[in-house]
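Novice: So in our numbering, the last spot in the sequence shown is 227, and the numbers never skip.
Glycine included, each C-beta is placed from N, C-alpha and C at the ideal position.
Since we're looking at a predicted model, the values are computed, not measured.
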Amino acid sequence: MHAQISPSILSADFARLADECARVAGFADWLHVDVMDNHFVPNLTLGQPVVERLVNAVSTPIDAHLMIANPDRWAPGYAEVGCRSVTFHVEAAADPRSVARNIRAAGARAGMALKPRTQIDDYADLLPELDMILIMTVEPGFGGQQFMADMMPKVTRTRELLKGRPDLDVWIQVDGGVSDSTIEQCADAGANVFVAGSAVYNAVDPADACNRLRAVADAAMRSWSA
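(1) Quick check: the Cα distance between M152 and R215, rounded to an integer number of angstroms?
(2) So who's on the other strand from R110, going by DSSP bridges?
(3) Count the other CB atoms, across all protein chains shown, that sit within 10 Å of the CB of R284; report buried if there are 16 or more and exposed otherwise.
(4) Just the Cα atoms here: how many angstroms apart are V52 and V82?
(5) For N212, I'd like the list of residues in its chain whose CB is within less than 7 angstroms of its CB, leaving aside the five on either flank, ordered along the chain.
(6) Does A197 come out as helix, strand or coil in the three-state DSSP assignment?
(7) Would you mind giving the Cβ-Cβ distance between D64 and V34, rounded to the nearest angstrom? I have them listed as a contact below 8 angstroms.
(8) From R85 to P77, what distance separates their C-alpha atoms?
(9) Using the three-state DSSP reduction, which class does V156 fall into: helix, strand or coil?
(10) Does the Cβ-Cβ distance between Y1 and P8 come in under 9 angstroms?
(11) Please report how far the alpha carbon of A26 lies from the alpha carbon of K164, in whole angstroms.
(12) Would A200 and V175 be called neighbours here (beta carbons separated by less than 9 angstroms)?
(13) Opposite V175 in the DSSP bridges: which residues?
(14) Could you have a look at D35 and say whether DSSP puts it in helix, strand or coil?
(15) Taking 9 angstroms as the cut-off, decide whether the C-beta atoms of M137 and L127 are in contact.
(16) Could you tell me the alpha carbon to alpha carbon distance between A150 and I134, rounded to whole angstroms?
(17) Which residues bound the alpha helix (DSSP H) around A65?
(18) Whole angstroms is fine: what's the gap from N45's alpha carbon to N39's?
(19) Answer with buried or exposed for D20, where buried requires no fewer than 16 other C-beta atoms within 10 angstroms of its C-beta.
(20) Let's test the definition: count the other Cβ atoms within 10 Å of the Cβ of R110 and tell me whether it reaches 16, buried, or not, exposed.
(21) Tell me which residue opens and which closes the alpha helix (DSSP H) that I184 is part of.
(22) Within a Cβ cutoff of 7 angstroms, which residues of the same chain sit near T1, ignoring the five residues on either side of it in sequence?
(23) Using C-beta distances below 7 angstroms, list every residue in its chain close to H3, excluding the 5 sequence neighbours before and after it, in chain order.
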């Protein structure tokens with residue numbers, strides 16, 4: 002298992018979005034697209050029509066993080082327009098099992114995100130329906146927040162649950178405040194997919210930043226991935 006880097010375009014220049022995505026093409030494993038609706042979170046970004054255009058304009062697969070109300074209705078549409086991974090918040094879903102199944106049926110990997118106060122043990126029965134668990138290491142809604150190191154036990158607990166299910170291949174993603182100074186502890190705790198916004202797009206060379214973050218994470222993951 003190797004570390005995967007998913008730069009968040011929330012930190013990119015929205016006036017040059019396709020060009021910004023191209024800066025990490027071939028170096029990023031995913032492009033992380035934050036969809037916010039000003040209902041589930043107090044911020045508004047972009048919606049499905051823009052995401053669809055982006056899918057058609059870039060070569061890197063899109064990882065859509067839906068911070069929206071009613072994912073039961075809206076989440077499958079992001080898979081239908083070409084997102085390779087679609088993550089919904091369990092706190093917003095009326096029937097998270099059906100949401101995950103519908104995302105998969107539409108052709109994408111199904112991810113489930115947990116806000117900082119949401120515990121993974123409450124949803125362990127959903128693991129067979131999922132391809133990824135996203136542990137938020139900030140409160141969802143805005144980029145540039147301070148990393149919450151107290152979320153690392155949740156990451157470790159999620160990895161423990163998965164080790165008890167060798168029949169499953171579920172990734173663990175962390176999102177929020179991931180940088181050169183925090184990615185090592187995320188990887189050591191059990192994460193293998195890392196969303197990095199400002200750490201990539203505020204760097205002089207975003208492509209080099211992806212490589213540097215991946216190297217640090219790969220080294221830290223050896224403690225549990227061997």
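Specialist: Answer, in terms of the structure:
(1) Distance between the alpha carbons of M152 and R215: 20 angstroms.
(2) Partner(s): S86.
(3) Any property of residue 284 remains undetermined from this structure, which presents the chain solely from 2 to 227.
(4) Approximately 8 angstroms, taken between the alpha carbons.
(5) Closer than 7 angstroms at Cβ, skipping near neighbours: F28.
(6) Assigned with DSSP and collapsed to three states, A197 falls in strand.
(7) The C-beta distance from D64 to V34 rounds to 7 angstroms, short enough to meet the 8 angstroms contact threshold.
(8) One C-alpha to the other measures close to 11 angstroms.
(9) DSSP places V156 in helix when its eight states are reduced to three.
(10) The structure shown does not extend to residue 1, since the chain is modelled only from 2 to 227, so the question has no answer here.
(11) If you take the alpha carbons of A26 and K164, they lie about 32 angstroms apart.
(12) Not in contact: A200 and V175 (Cβ atoms no closer than 9 angstroms).
(13) According to DSSP, V175 bridges with I136 and F195.
(14) D35: strand per DSSP, three-state reduction.
(15) 9 angstroms or more divides the Cβ of M137 from the Cβ of L127.
(16) Near 17 angstroms, if we compare the C-alpha coordinates of I134 and A150.
(17) It is not in any alpha helix (DSSP H) - A65 instead sits in the beta strand (DSSP E) that spans I63 to M68.
(18) Checking the sequence, you will find Leu at residue 45 rather than Asn. Going by the C-alpha atoms only, they are around 5 angstroms apart.
(19) Counting C-beta atoms within 10 angstroms of its own C-beta, D20 has fewer than 16 neighbours from the protein chains shown and is therefore classed as exposed.
(20) R110 is buried by the Cβ-count criterion.
(21) Per DSSP, I184 belongs to the alpha helix (DSSP H) from I184 to A190.
(22) Look at the range of the chain in this structure, 2 to 227, and you will see that residue 1 is not part of it.
(23) Result list for H3: D219, in chain order.
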